[in-house]
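Residue numbers (the numbering used here), protein chains in the order written: chain U, 73 to 175; chain G, 73 to 175; chain A, 2 to 146; chain Y, 2 to 146.
A short worksheet on the structure shown next.
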Amino acid sequence: MKITGYCKQGVLTLNFNGELDHHSARAAMKALGERIDAFMPRECVLNFKELTFMDSSGIALILRADKRMKEIDGRLLVVNVPAQPMRVLDASGIDRLINISGK
Amino acid sequence: MKITGYCKQGVLTLNFNGELDHHSARAAMKALGERIDAFMPRECVLNFKELTFMDSSGIALILRADKRMKEIDGRLLVVNVPAQPMRVLDASGIDRLINISGK
Amino acid sequence: MAVANYTKIEFLGKSANESFARSAAACFAAQLDPTLEELGDLKTAVSEAVTNCIVHAYPNEIGRIQMKCRIMGDDTFEVSIKDWGCGIEDIKKAMEPLFTTGGEDRSGMGFSIMECFMDTVKVKSKVGKGTTVTMKKKIARKKSR
Amino acid sequence: MAVANYTKIEFLGKSANESFARSAAACFAAQLDPTLEELGDLKTAVSEAVTNCIVHAYPNEIGRIQMKCRIMGDDTFEVSIKDWGCGIEDIKKAMEPLFTTGGEDRSGMGFSIMECFMDTVKVKSKVGKGTTVTMKKKIARKKSR
Ligand SMILES: Nc1ncnc2c1ncn2[C@@H]1O[C@H](COP(=O)(O)OP(=O)(O)O)[C@@H](O)[C@H]1O
Ligand SMILES: Nc1ncnc2c1ncn2[C@@H]1O[C@H](COP(=O)(O)OP(=O)(O)O)[C@@H](O)[C@H]1O
Chain U
73 MKITGYCKQG VLTLNFNGEL DHHSARAAMK ALGERIDAFM PRECVLNFKE LTFMDSSGIA
133 LILRADKRMK EIDGRLLVVN VPAQPMRVLD ASGIDRLINI SGK
Chain G
73 MKITGYCKQG VLTLNFNGEL DHHSARAAMK ALGERIDAFM PRECVLNFKE LTFMDSSGIA
133 LILRADKRMK EIDGRLLVVN VPAQPMRVLD ASGIDRLINI SGK
Chain A
2 MAVANYTKIE FLGKSANESF ARSAAACFAA QLDPTLEELG DLKTAVSEAV TNCIVHAYPN
62 EIGRIQMKCR IMGDDTFEVS IKDWGCGIED IKKAMEPLFT TGGEDRSGMG FSIMECFMDT
122 VKVKSKVGKG TTVTMKKKIA RKKSR
Chain Y
2 MAVANYTKIE FLGKSANESF ARSAAACFAA QLDPTLEELG DLKTAVSEAV TNCIVHAYPN
62 EIGRIQMKCR IMGDDTFEVS IKDWGCGIED IKKAMEPLFT TGGEDRSGMG FSIMECFMDT
122 VKVKSKVGKG TTVTMKKKIA RKKSR
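If you want it as C-alpha cells, here you go:
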C-alpha cells in the first residue's frame with residue numbers, strides 16, 4: 073500500500089496504490105491523519121483508482137477519515153472505486169453515509 | 073494453455089498462450105503433433121510471445137517437435153520467448169540444438 | 002458430495018500473511034475457472050476470516066492458523082479457517098452487523114461481508130479453545146454463464 | 002538462522018495442483034519483495050520438484066505432497082517438497098543432467114534447473130518411503146540492488 077497526494081486550493085487528494093487490508097491499514101490511517109492535520113483541507117478526496125484490493129479494514133479507515141473531516145467542518149469524497157472495493161462498500165451500506173463514486 | 077495457429081506457404085505458426093507445465097504439456101504435444109501431421113510444413117514456428125510460464129516439460133515438448141520436424145525434413149524455430157521461459161531454455165542448454173530467439 | 006481436490010495450509014497469525022492466505026485460496030480456487038468477481042468475493046471473505054484470527058483470536062501472541070480449501074464435485078468451493086485462540090462467547094451477537102470488540106480500527110462488518118459474498122457461513126467456537134469459520138460458494142460453470 | 006515466517010501446505014498429487022503449488026510459494030515469497038526474475042526462478046524450481054512427486058514418486062496413484070516454505074532472518078527463502086512415494090535409489094545419478102526414467106515426456110532436466118535457479122538443492126530419499134527436496138535461495142534486498 074502506497075499513499076501519495078497533494079493539496080490544492082483547499083482540496084487534499086490522496087491516491088491509494090496497492091492492497092488495503094488490516095496489515096496495511098494502520099500505516100495508511102497514520103499517513104491520512106497526518107496529511108489532514110497538516111493541510112486542514114475543506115475537502116479530502118480518496119482516489120481509489122489504483123486500489124487492487126480492499127476488505128472491511130478499508131471501511132474502518134473511511135469512517136475514521138470522514139469523522140476527522142467533519143471535525144474540521146470539511147467533507148470526504150471517495151472516487152474511482154474499482155469493482156472489488158466497490159462490492160465491499162456496497163455490502164457494508166457505507167455508501168449511504170459517504171459520497172462514493174465508481175471508476 | 074491454449075494453442076492457436078495457421079499454416080501459410082509451408083510455414084506452420086503455432087501461438088502458445090498460458091502456462092506450459094507437466095499438466096498442460098500432454099494436450100499441447102497432441103495439438104502440436106496433429107497440426108504437423110496435417111500440414112506437413114517445411115518450417116514450424118513455435119511463437120512463445122504469450123507464454124506466461126514454462127518449466128522443463130516445455131523442453132521435452134520442444135525436443136519432440138524438433139524430432140518430428142526433422143523426420144519430415146523440416147526445421148523448427150522458437151520465437152518471441154519471454155524472460156522466464158528463456159531462463160529455462162538457457163539453463164537446459166537446448167539453445168545449442170534449436171533455433172531460439174527472444175522477445 | 003465428493004471432494005475433488007483439497008489443500009491444507011498452515012501459517013502464522015502475522016498480518017503479513019493476510020495477503021498470502023487470500024492469494025493462496027484464490028490460486029487454488031482458480032481450478033474452478035471462476036469469474037473475476039467470484040474470485041474477488043472469495044479473497045475478501047478469506048481476508049476477513051483470517052484477519053479475525055490475527056486481531057481477535059490471538060490479541061497478544063502470534064498464533065497458528067489453519068486454512069483448508071476443498072473443491073467439491075458440484076463445483077462448490079469450501080474454505081474453513083481455524084484458530085486455537087480465545088474463542089467467541091456469543092456467536093449470534095458477534096455476527097451482527099457493526100458489532101465489534103476491536104475498537105476504532107475495526108468496522109464490525111467482517112462477518113456481514115463473509116455472509117454477503119459467500120453462499121453459507123458457519124461458525125463453531127469454544128471460549129478458550131478456538132474458532133472455526135467454514136464458508137461455501139458455488140462457482141458457476143463457464144458454459145452456463 | 003531464525004525462522005521469520007513459515008507456511009506448511011499439504012495437497013494432492015494431481016497435475017492441476019502444479020500451478021497452485023508454485024503460485025502459493027510465490028505468494029509467500031512475495032514478503033521478501035523479490036525481483037520478477039527471482040520470483041520466476043522460485044516458481045520454476047518448485048514446479049520441477051512438485052512435478053517430480055506427481056510423475057515419479059506416485060506413478061500409479063494420487064499421493065499426498067507437503068510443501069514447507071520458510072523465510073529466514075537473513076532473507077533466505079527455503080522451500081522443502083516432500084512425498085511418501087517410491088523414493089530414489091541412486092540420488093547422484095538421478096541428479097545428472099538428462100537422466101530420466103520418465104521417457105519421452107520428460108527431459109531429465111528437472112534437477113539441473115532446480116540447481117541452476119536455487120542457491121542450494123538437497124535431496125533426501127529412501128526407496129519405498131519417499132523423497133524430500135529442500136532448496137534455498139537468498140533474495141537480494143531492494144536497497145542493495
Ligand atoms: N476468530 C475469532 N476469535 C475470536 N473472536 C472473534 C473471531 N472472529 C470474530 N470474533 C469476534 O466477533 C466480532 C465481530 O467480527 P467481525 O464481524 O468480523 O467484525 P470486526 O472484525 O470488524 O470486529 C469481533 O469484534 C470479535 O469480537
Ligand atoms: N520425488 C521423486 N520420487 C522418485 N523419483 C524421483 C523423484 N524426483 C526425481 N526422481 C527421479 O530422478 C530422475 C531425474 O529427475 P529430473 O532431473 O527432475 O528429470 P525428469 O523429471 O525430467 O525425469 C527422474 O526421472 C526420476 O527417476
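Backbone N, C-alpha and C define an ideal beta-carbon position, used for all residues, glycine too.
Interface residues of chain G facing residue i [CB-CB closer than 7 Å]
i              : result
F29 (chain Y)  : In chain order: nothing, as chain G lies at least about 17 Å away.
M110 (chain Y) : S128, I131 and S164
Any non-hydrogen atom of ligand 2 closer than 7 Å to residue i Cβ
i              : result
M119 (chain Y) : no
S16 (chain Y)  : no
A22 (chain Y)  : no
A58 (chain Y)  : yes
D84 (chain Y)  : yes
F100 (chain Y) : yes
R107 (chain Y) : yes
G129 (chain Y) : no
G64 (chain Y)  : no
G103 (chain Y) : yes
Cβ-heavy atom distance, residue i to ligand 1, below 7 Å
i              : result
N53 (chain A)  : yes
M110 (chain A) : yes
E49 (chain A)  : yes
C87 (chain A)  : yes
G165 (chain U) : no
A97 (chain U)  : no
T132 (chain Y) : no
A95 (chain A)  : yes
S81 (chain A)  : no
S113 (chain A) : yes
G130 (chain U) : no
Interface partners of residue i on chain G, CB under 8 Å
i              : result
R107 (chain Y) : S128, S129 and A132
F118 (chain Y) : R159 and A163
Neighbouring residues, chain A, relative to residue i (Cβ below 7 Å)
i             : result
I10 (chain Y) : T8 and I10
Closer than 8 Å to chain G by CB, residue i
i              : result
S113 (chain Y) : yes
E38 (chain Y)  : yes
Listed by chain order, chain Y residues near residue i by CB distance under 9 Å
i              : result
F125 (chain G) : S20, R23, G41, K44, T45 and S48
Extent of the continuous beta strand (DSSP E) to which residue i belongs
i              : result
D75 (chain Y)  : Per DSSP, D75 (chain Y) belongs to no beta strand (DSSP E) and is neither H nor E.
I140 (chain Y) : Careful: I140 (chain Y) lies outside any beta strand (DSSP E) and carries neither H nor E.
K123 (chain Y) : T121 to K127
I10 (chain Y)  : V4 to L13
E91 (chain U)  : V83 to L92
Residue-level contact to chain U via CB, residue i, 8 Å cutoff
i              : result
S16 (chain A)  : yes
F100 (chain A) : no
M68 (chain A)  : no
8 Å Cβ cut-off: residues of chain D touching residue i
i              : result
V160 (chain G) : Absent from the structure is chain D; the protein chains it does hold are U, G, A and Y.
Contacts that residue i makes with chain Y (C-beta to C-beta distance below 7 Å)
i             : result
E91 (chain G) : S20
Residue-chain proximity (residue i, chain A), Cβ-Cβ < 8 Å
i              : result
R136 (chain U) : yes
Q156 (chain U) : yes
Cβ of residue i within 8 Å of any chain Y Cβ
i              : result
L13 (chain A)  : yes
A163 (chain G) : yes
9 Å Cβ cut-off: residues of chain U touching residue i
i             : result
I89 (chain A) : Those within 9 Å of I89 (chain A) in chain U number zero; the least Cβ separation is about 17 Å.
T52 (chain A) : D93, H94, H95, D127, S128 and S129
Contact set between residue i and chain U, taken where Cβ atoms lie within less than 8 Å
i             : result
I55 (chain A) : H94
Partner residues on chain Y for residue i, Cβ-Cβ distance less than 8 Å
i             : result
A97 (chain G) : D106
Span of the alpha helix (DSSP H) around residue i
i              : result
C54 (chain Y)  : Counting along the chain, C54 (chain Y) falls outside any alpha helix (DSSP H), and DSSP gives it neither H nor E.
A95 (chain Y)  : I92 to A95
K178 (chain U) : Chain U is shown from 73 up to 175; residue 178 (chain U) falls before or after that span and cannot be answered.
F21 (chain A)  : N18 to A30
G111 (chain A) : G111 to F118
Task: Ranges of the alpha helix (DSSP H) found wholly within the stretch 125-173 of chain G, counting only runs of at least 4 - done: The DSSP assignment places complete alpha helix (DSSP H) segments of no fewer than 4 residues inside the stretch 125-173 of chain G at 128-143 and 155-164, in order along the chain.
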